[in-house]
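Just so we're on the same page, the numbering used here is the position in the sequence shown counted from 1, plus 160.
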Amino acid sequence: VGLGEFELIARHFDRPPHRPDVALGVGDDAALLRVPPGHELVVAIDGMVEGVHFPLDTDPAAFGHKLLAVNLSDLAAMGAEPAWATLFISLPAADEAWVAAFAAGLFALAGAHGVDLVGGDTVRGPRSAVLQAHGFVPAGQALRRDGARPGDLIVVTGTLGDGGAGLAVAEGRLPAATASDAAFLRDRLDRPTPRLAAGVALRGLASAAIDVSDGLAADLGHILERSAVGASLEIARLPLSAPLSRAVADPGARWELALGAGDDYELCVTLPPERWDEAAARLAAIGCPATVVGRIDSEPGLRLLGADAGPYRPSGRGFDHFAGG
Ligand SMILES: [Mg+2]
């Protein structure tokens, strides 16, 4: 019996494992994997559907990169180190060129982080893909959402709002952006950098952590809910990139992109103030920018403080025009 066209394109994902903890990778009914002693297995899964989670014109290599990156970002938010991935991919046709580019994007990021693809399935259907990432964390040391305490500082890595501005670029809603700013923002949307080293560096220091996939307000909200605390965010402290600040003239729209648009894949962590110097030093040592943007308090809810320290009210422009509400 000859191989079907989908089995043939699936060969793009059949690469020999590099990791010694893979006893058996692609090619059998299932993979055989070894978790190192004294560690917990950390598992994350995320799927993306064309036209819903990524624009129709997304470069397939960027799609492969991003599908793995968003899962590695979840491992980063747990303080885990990545090890293995499994992949489900659905395509309307056995498009060899598309699969080759997708695989190139995925394997480039996987190789950069020592991740082996150990199994998967390729089927006919609407264009979409689901990836499950597996990693390790020393037992008991995972960063979780439920440890924030009143008085803790709220810290974010990198800059916020670029992913949302990148989507605006992709959809033609930021025509005033220069070509280089538009390219930067689109790259932040399509090729996010998972903050894996930062997650590891913050083990033992952060009281809670999450990655910013849905916008800082929503993602910090998950920490507040799980930790049964509230928070105040100082809007003027939100770290914004120079391209975002140039491309979006209205400060309110910038802040709302940072708060509400998502797709940034930075980390938001909380930590007691006395641990900040050590955390800042560790993050600086790995070249990861970090900014204190607010504080956890006991009063439930999220309070936004403007530059004058009074309550900040979003105008709605950022959400309406840049984030689709
Ligand atoms: Mg997450």
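Even glycine gets a Cβ: it sits at the ideal position worked out from N, Cα and C. Since this is a predicted model, take the numbers as computed values, not measurements.
Beta-carbon contacts of residue i that lie in its chain and below 6 Å, excluding the five residues immediately before and after
{"i": "residue 467", "result": "396"}
{"i": "residue 351", "result": "222 and 225"}
{"i": "residue 343", "result": "none"}
{"i": "residue 401", "result": "319 and 322"}
{"i": "residue 305", "result": "368, 370, 382, 383 and 386"}
{"i": "residue 478", "result": "Confidence in residue 478 is poor, its pLDDT being 46 and thus under 50, which makes the residue's placement too unreliable to answer from."}
Rounded Cβ spacing between residue i and residue j (contact assumed at less than 8 Å)
{"i": "residue 419", "j": "residue 454", "result": "Their Cβ separation, rounded to whole angstroms, is 11 Å, which puts residue 419 and residue 454 out of contact at 8 Å."}
{"i": "residue 314", "j": "residue 456", "result": "6 Å"}
{"i": "residue 345", "j": "residue 403", "result": "6 Å"}
{"i": "residue 175", "j": "residue 183", "result": "Not confirmed; about 16 Å, so no contact."}
{"i": "residue 254", "j": "residue 169", "result": "5 Å"}
{"i": "residue 230", "j": "residue 425", "result": "7 Å"}
{"i": "residue 206", "j": "residue 234", "result": "7 Å"}
{"i": "residue 348", "j": "residue 332", "result": "That pair is no contact at about 17 Å."}
Contacting residues, own chain, Cβ-Cβ under 7 Å from residue i (five flanking each side not counted)
{"i": "residue 266", "result": "224, 225, 227 and 228"}
{"i": "residue 460", "result": "390"}
{"i": "residue 236", "result": "354, 355, 356, 358, 359, 371 and 427"}
{"i": "residue 398", "result": "320, 415, 418 and 453"}
{"i": "residue 310", "result": "389, 456, 457 and 458"}
{"i": "residue 172", "result": "259, 260 and 263"}
{"i": "residue 232", "result": "242, 273, 293, 354 and 356"}
{"i": "residue 218", "result": "350"}
{"i": "residue 480", "result": "Any reading at residue 480 must be qualified, since the residue scores a pLDDT of 42, below 50, and its modelled position is unreliable; no value is offered."}
{"i": "residue 329", "result": "337, 342, 345 and 346"}
{"i": "residue 487", "result": "Coverage of the chain is limited to positions 161 through 485, which leaves residue 487 absent and any answer about it impossible."}
Ligand 1 heavy atom lying under 8 Å from the CB of residue i
{"i": "residue 379", "result": "yes"}
{"i": "residue 205", "result": "no"}
{"i": "residue 260", "result": "no"}
{"i": "residue 421", "result": "no"}
{"i": "residue 237", "result": "yes"}
{"i": "residue 370", "result": "yes"}
{"i": "residue 233", "result": "yes"}
{"i": "residue 373", "result": "yes"}
Nearest candidate by alpha-carbon position, reference residue i, set the options
{"i": "residue 197", "options": "316, 296, 308 and 355", "result": "296"}
{"i": "residue 285", "options": "256, 343 and 209", "result": "209"}
{"i": "residue 463", "options": "219, 378 and 449", "result": "378"}
{"i": "residue 358", "options": "417, 239, 452 and 332", "result": "239"}
{"i": "residue 287", "options": "309, 251 and 449", "result": "251"}
{"i": "residue 308", "options": "383, 412, 445 and 220", "result": "383"}
{"i": "residue 256", "options": "305, 282, 269 and 470", "result": "282"}
{"i": "residue 110", "options": "449, 183, 262 and 200", "result": "Nothing about residue 110 can be read from this structure; the chain reaches only from 161 to 485."}
{"i": "residue 393", "options": "304, 290 and 312", "result": "312"}
{"i": "residue 473", "options": "434, 430 and 413", "result": "413"}
{"i": "residue 433", "options": "444, 446 and 451", "result": "451"}
{"i": "residue 316", "options": "470, 165, 443 and 179", "result": "443"}
{"i": "residue 303", "options": "449, 329, 431 and 243", "result": "431"}
{"i": "residue 204", "options": "471, 244, 380 and 212", "result": "244"}
{"i": "residue 448", "options": "217, 362 and 166", "result": "362"}
{"i": "residue 429", "options": "220, 165, 214 and 380", "result": "380"}
Sequence-distant residues of its chain with Cβ nearer than 8 Å to residue i (five each side left out)
{"i": "residue 279", "result": "185, 186, 190, 191, 246 and 247"}
{"i": "residue 179", "result": "243, 244, 274 and 276"}
{"i": "residue 301", "result": "239, 363 and 364"}
{"i": "residue 471", "result": "463, 464 and 465"}
*With contact counted as at least three CB pairs below 8 Å, one residue from each stretch, are the stretch 359 to 378 and the stretch 433 to 444 in contact?*
The stretch 359 to 378 vs the stretch 433 to 444: in contact.
*How about the stretch 337 to 347 and the stretch 264 to 278: do they share at least three Cβ pairs that are nearer than 8 Å?*
Touching, no, given that fewer than three Cβ pairs across the two stretches are closer than 8 Å.
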